[in-house]
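Heads up: the sequence lines are chains A and B, in that order.
The first sequence runs 1 to 356 under the UniProt record's numbering.
The second sequence runs 1 to 113 under the UniProt record's numbering.
Where is the CB? At the ideal position from N, CA and C, for every residue including glycine.
No experiment lies behind these values; they were computed from the predicted model shown.
The structure appears right after this line, and notes come after that.
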Amino acid sequence: MVADGHDVLVPVGDSETLRRTVTYAVEQAHEAATESGVATTVHFVFPARWRIFETDRAAVDAANSLLDRVVTWAAEDLDELIGEDEPPTVDFESGTIGTGEYVFSPADFADVVGRYADANGVGRIVVDPSFRPGGSAPILRSFEEELANRGFDVLEAPVTRRTRRRLPFTDIGAPEFALVFSTSFLFYLALGGWLVTDPYELLTGVVTAGVVTLTLARVALKGQLPKLRVVGMSVVRLALYTPILLWEIAKANVALAYVVLHPRLPIDPRVVEFDAAVWGDMPVTTLANSITLTPGTLTVDVSRQHFLVHALIPDAEDDLLEGTLERLVRFVFYGRESARIASPRERLEDTEGENP
Amino acid sequence: MTPLEIVATVFVVVGTFFGLVATVGIIRLPDLYSRLHAASKSDTLGSVLSLAGLAIVLGLTTESMKLVFLVVFLFVTSPTAAHAIARAAKEEEVEPIGEGEVPWTTDQEEGNS
Numbered sequence: 001m002v003a004d005g006h007d008v009l010v011p012v013g014d015s016e017t018l019r020r021t022v023t024y025a026v027e028q029a030h031e032a033a034t035e036s037g038v039a040t041t042v043h044f045v046f047p048a049r050w051r052i053f054e055t056d057r058a059a060v061d062a063a064n065s066l067l068d069r070v071v072t073w074a075a076e077d078l079d080e081l082i083g084e085d086e087p088p089t090v091d092f093e094s095g096t097i098g099t100g101e102y103v104f105s106p107a108d109f110a111d112v113v114g115r116y117a118d119a120n121g122v123g124r125i126v127v128d129p130s131f132r133p134g135g136s137a138p139i140l141r142s143f144e145e146e147l148a149n150r151g152f153d154v155l156e157a158p159v160t161r162r163t164r165r166r167l168p169f170t171d172i173g174a175p176e177f178a179l180v181f182s183t184s185f186l187f188y189l190a191l192g193g194w195l196v197t198d199p200y201e202l203l204t205g206v207v208t209a210g211v212v213t214l215t216l217a218r219v220a221l222k223g224q225l226p227k228l229r230v231v232g233m234s235v236v237r238l239a240l241y242t243p244i245l246l247w248e249i250a251k252a253n254v255a256l257a258y259v260v261l262h263p264r265l266p267i268d269p270r271v272v273e274f275d276a277a278v279w280g281d282m283p284v285t286t287l288a289n290s291i292t293l294t295p296g297t298l299t300v301d302v303s304r305q306h307f308l309v310h311a312l313i314p315d316a317e318d319d320l321l322e323g324t325l326e327r328l329v330r331f332v333f334y335g336r337e338s339a340r341i342a343s344p345r346e347r348l349e350d351t352e353g354e355n356p
Numbered sequence: 001m002t003p004l005e006i007v008a009t010v011f012v013v014v015g016t017f018f019g020l021v022a023t024v025g026i027i028r029l030p031d032l033y034s035r036l037h038a039a040s041k042s043d044t045l046g047s048v049l050s051l052a053g054l055a056i057v058l059g060l061t062t063e064s065m066k067l068v069f070l071v072v073f074l075f076v077t078s079p080t081a082a083h084a085i086a087r088a089a090k091e092e093e094v095e096p097i098g099e100g101e102v103p104w105t106t107d108q109e110e111g112n113s
């Protein structure tokens with residue numbers, strides 16, 4: 001790990017202690033600069049959760065305005081440290097990183113940040129303790145640990161957080177609570193008949209939904225609450241997708257029945273690997289389950305967007321690599337424009353052409 | 001029989017047929033992965049068709065509502081369960097019959113360089 005100079009890198013994300021983290025990073029860089037007599041640079045990087053060709057304008061704008069704000073804060077802090085007219089000891093750079101890939105877990109984020117740090121010769125990373133890219137599931141190593149494992153000097157900014165008052169067993173906010181509660185309550189009422197007016201039933205419904213929400217809301221909802229319009233559009237497109245899927249399932253079963261009942265058992269089992277152009281929990285799950293339900297294919301393993309598929313009947317592999325299902329799933333979750341994409345077979349041939 | 005009952009009967013009969021196909025498939029197919037095909041596909045359609053047939057007979061009632069919920073949940077859980085079994089088999093390095101190599105460790109596990 002090259003740590004020439006005393007440059008500092010700060011991964012930036014929306015968090016309530018960001019302002020004080022910036023101050024701390026600037027102080028660190030200033031101290032290093034005065035000790036060594038060489039100007040240092042503070043790199044503010046925003047690890048993106050989108051991919052450059054799937055760009056959501058709103059997310060990009062939010063990232064850029066956050067970075068602008070951070071640089072302004074840093075300049076203010078530096079002015080306070082050295083006085084208005086002194087020559088500046090610290091430079092600032094800012095940028096968005098990780099737009100070329102799908103970053104997911106803390107390890108992915110650490111990879112992206114680490115690569116940037118290596119490329120720019122930064123050895124010291126200041127992390128904001130309340131910025132948790134990739135989540136903070138207990139089974140995963142934290143972002144800080146992942147970075148420290150990669151040989152960086154990781155400093156946690158000494159910032160204090162406001163304590164938040166929480167409902168027991170949860171750390172969810174009111175909108176999440178309301179969403180899970182109303183869903184489970186409506187489901188309870190639906191099971192009891194649509195028009196329940198009996199106060200006893202309503203009361204048991206409230207109690208049941210309350211218990212479900214308190215214990216399971218964290219499992220039911222992951223990350224930020226999705227926007228209603230996006231979900232609405234997806235639901236409408238999912239309704240269009242369902243008949244196509246049902247038709248595929250019918251075909252799959254006729255094909256399988258033919259194979260199974262044929263005296264010679266004409267199967268051609270093989271294992272197929274491919275990278276799907278979908279990402280995120282819901283789209284990948286939908287695609288994986290759709291593959292399992294359609295002719296001759298069964299999803300064996302998925303890691304990020306790499307699919308391992310077992311194909312049973314002779315034409316199954318071809319169907320899969322034609323990418324019809326993939327296009328449909330992209331249509332459901334990303335809209336009509338995104339559905340026009342090269343099939344997995346064409347993409348496979350392209351990459352083979354590039355690196356023979 | 002009313003036409004609706006005839007439709008329902010057809011659904012249940014076809015559903016039962018696919019249930020039978022699933023059973024025959026599990027017995028006849030050669031390895032774990034192939035058998036999962038029968039278990040995940042035919043079984044799903046078999047139960048879904050039978051339940052749909054019953055829902056048609058019951059008409060628009062709370063009971064048929066529950067059957068519809070069952071259909072939806074089967075569509076979600078059945079492939080997921082098949083995937084879980086297939087994945088467990090892969091982790092245990094169960095060798096499939098046929099062409100193609102199973103990569104026992106994925107790129108991700110080999111380390112991010």
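Assign residue i to buried or exposed, taking buried as 16 or more other Cβ atoms, counted over all protein chains shown, within 10 Å of its Cβ.
{"i": "Glu92/B", "result": "exposed"}
{"i": "Val259/A", "result": "buried"}
{"i": "His262/A", "result": "exposed"}
{"i": "Val21/B", "result": "buried"}
{"i": "Ile27/B", "result": "exposed"}
{"i": "residue 160/B", "result": "Residue numbering for chain B in the displayed model covers 1 to 113; residue 160/B lies beyond these limits and cannot be assessed."}
{"i": "Lys41/B", "result": "buried"}
{"i": "Trp247/A", "result": "exposed"}
{"i": "Tyr200/A", "result": "exposed"}
{"i": "Thr72/A", "result": "exposed"}
{"i": "Ala252/A", "result": "buried"}
{"i": "Pro269/A", "result": "buried"}
{"i": "Ile6/B", "result": "exposed"}
{"i": "Pro106/A", "result": "buried"}
{"i": "Phe73/B", "result": "exposed"}
{"i": "residue 357/A", "result": "In the structure displayed, chain A extends from 1 to 356; residue 357/A sits before or after that span and is not available."}
{"i": "Pro79/B", "result": "buried"}
Verify whether the separation of the beta carbon atoms of residue i and residue j is less than 7 Å.
{"i": "residue 115/B", "j": "Gly193/A", "result": "Chain B is shown only over 1 to 113; residue 115/B falls outside these bounds and no answer can be derived."}
{"i": "Pro344/A", "j": "Leu321/A", "result": "yes"}
{"i": "Thr286/A", "j": "Val329/A", "result": "yes"}
{"i": "Leu49/B", "j": "Gly15/B", "result": "yes"}
{"i": "Val254/A", "j": "Ala311/A", "result": "no"}
{"i": "Val10/A", "j": "Ala25/A", "result": "yes"}
{"i": "Thr21/A", "j": "Asp128/A", "result": "yes"}
{"i": "Gly32/A", "j": "Thr40/A", "result": "According to the sequence provided, residue 32/A is Ala. The question's Gly does not apply to it. Yes, the Cβ-Cβ distance between Ala32/A and Thr40/A is below 7 Å."}
{"i": "Ala63/A", "j": "Thr23/A", "result": "no"}
{"i": "Glu176/A", "j": "Ala217/A", "result": "yes"}
{"i": "Phe109/A", "j": "Pro133/A", "result": "yes"}
{"i": "Gly205/A", "j": "Leu189/A", "result": "yes"}
If we ignore side chains and look at the alpha-carbon of each, how far apart do residue i and residue j end up?
{"i": "Leu240/A", "j": "Arg327/A", "result": "13 Å"}
{"i": "Gly19/B", "j": "Ala52/B", "result": "14 Å"}
{"i": "Gly98/A", "j": "Ala119/A", "result": "13 Å"}
{"i": "Arg264/A", "j": "Met282/A", "result": "39 Å"}
{"i": "Thr44/B", "j": "Gly232/A", "result": "27 Å"}
{"i": "Val45/A", "j": "Pro96/B", "result": "45 Å"}
{"i": "Glu80/A", "j": "Arg69/A", "result": "17 Å"}
{"i": "Leu70/B", "j": "Val12/B", "result": "15 Å"}
{"i": "Leu4/B", "j": "Arg237/A", "result": "30 Å"}
{"i": "Ala29/A", "j": "Ser303/A", "result": "39 Å"}
{"i": "Ile185/A", "j": "Glu156/A", "result": "For the sequence presented, residue 185/A should be read as Phe rather than Ile. Using only the alpha carbons, I get a separation of about 43 Å."}
{"i": "Asp153/A", "j": "Ile125/A", "result": "6 Å"}
{"i": "Val278/A", "j": "Ser290/A", "result": "13 Å"}
{"i": "Thr106/B", "j": "Phe307/A", "result": "At Thr106/B, the pLDDT of 45 sits below 50, so the modelled position is not reliable and the matter cannot be decided from this model."}
{"i": "Glu36/B", "j": "Val235/A", "result": "Here the sequence assigns Leu to residue 36/B, which means Glu is not the residue at that position. Each residue's alpha carbon lies about 30 Å from the other."}
{"i": "Leu202/A", "j": "Leu245/A", "result": "37 Å"}
{"i": "Val300/A", "j": "Leu67/B", "result": "29 Å"}
{"i": "Ala117/A", "j": "Val12/A", "result": "14 Å"}
{"i": "Ile267/A", "j": "Pro314/A", "result": "7 Å"}
List, in chain order, every chain A residue whose beta-carbon is nearer than 9 Å to that of residue i.
{"i": "Phe11/B", "result": "Ordered by position in chain A, no residue passes the 9 Å Cβ test against Phe11/B, which lies about 12 Å from the chain."}
{"i": "Val21/B", "result": "Asn253, Leu256, Ala257, Val260 and Leu261"}
{"i": "Gly53/B", "result": "Within chain A, no residue comes near Gly53/B; the closest Cβ sits about 15 Å away, beyond 9 Å."}
Counting only Cβ pairs nearer than 9 Å, list the residues of chain B close to residue i.
{"i": "Arg270/A", "result": "Pro96, Gly98, Glu99 and Gly100"}
{"i": "Gly193/A", "result": "Thr61, Thr62 and Met65"}
{"i": "Leu265/A", "result": "Arg28, Leu29 and Pro30"}
List, in order along the chain, the chain B residues whose C-beta lies closer than 8 Å to that of residue i?
{"i": "residue 357/A", "result": "Chain A is shown only over 1 to 356; residue 357/A falls outside these bounds and no answer can be derived."}
{"i": "Asp315/A", "result": "Within 8 Å Cβ-Cβ: nothing; Asp315/A doesn't reach chain B, min ~14 Å."}
{"i": "Ala48/A", "result": "Within chain B, no residue comes near Ala48/A; the closest Cβ sits about 18 Å away, beyond 8 Å."}
{"i": "His30/A", "result": "Near His30/A there are no residues of chain B at all, since even the closest Cβ is about 33 Å away, more than 8 Å."}
Quick one: list the residues of chain A neighbouring residue i, beta-carbon separation under 7 Å, in chain order.
{"i": "Gly15/B", "result": "Simply none; closest approach about 10 Å."}
Could you work out which residues of chain B lie near residue i, taking near to mean beta carbons separated by less than 7 Å?
{"i": "Leu312/A", "result": "Ser34 and His37"}
Starting from residue i, find everything on chain A with Cβ-Cβ shorter than 8 Å and list it in chain order.
{"i": "Val24/B", "result": "Val260 and Leu261"}
| When Cβ atoms are compared, which residues of the segment 32–46 of chain B fall closer than 8 Å to chain A? | Residues are counted here when their Cβ sits less than 8 Å from a Cβ of chain A; for the segment 32–46 of chain B these are Tyr33, Ser34, Leu36, His37, Ala38, Ser40, Lys41, Ser42, Thr44 and Leu45, given in chain order.
| query | Using Cβ-Cβ distances below 9 Å, what residues of the segment 68–87 of chain B are close to chain A? | reply | Here the close residues are Phe69, Phe75, Val76, Ser78, Pro79, Thr80, Ala82, His83, Ala86 and Arg87.
| chain B contacts from the segment 277–302 of chain A (Cβ-Cβ distance under 9 Å) | Taking 9 Å as the Cβ-Cβ cut-off against chain B, the residues of the segment 277–302 of chain A that qualify are Thr285, Ala288, Asn289, Ser290, Ile291, Thr292, Leu293, Thr294, Pro295, Gly296, Thr297, Leu298, Thr299, Val300, Asp301 and Val302.
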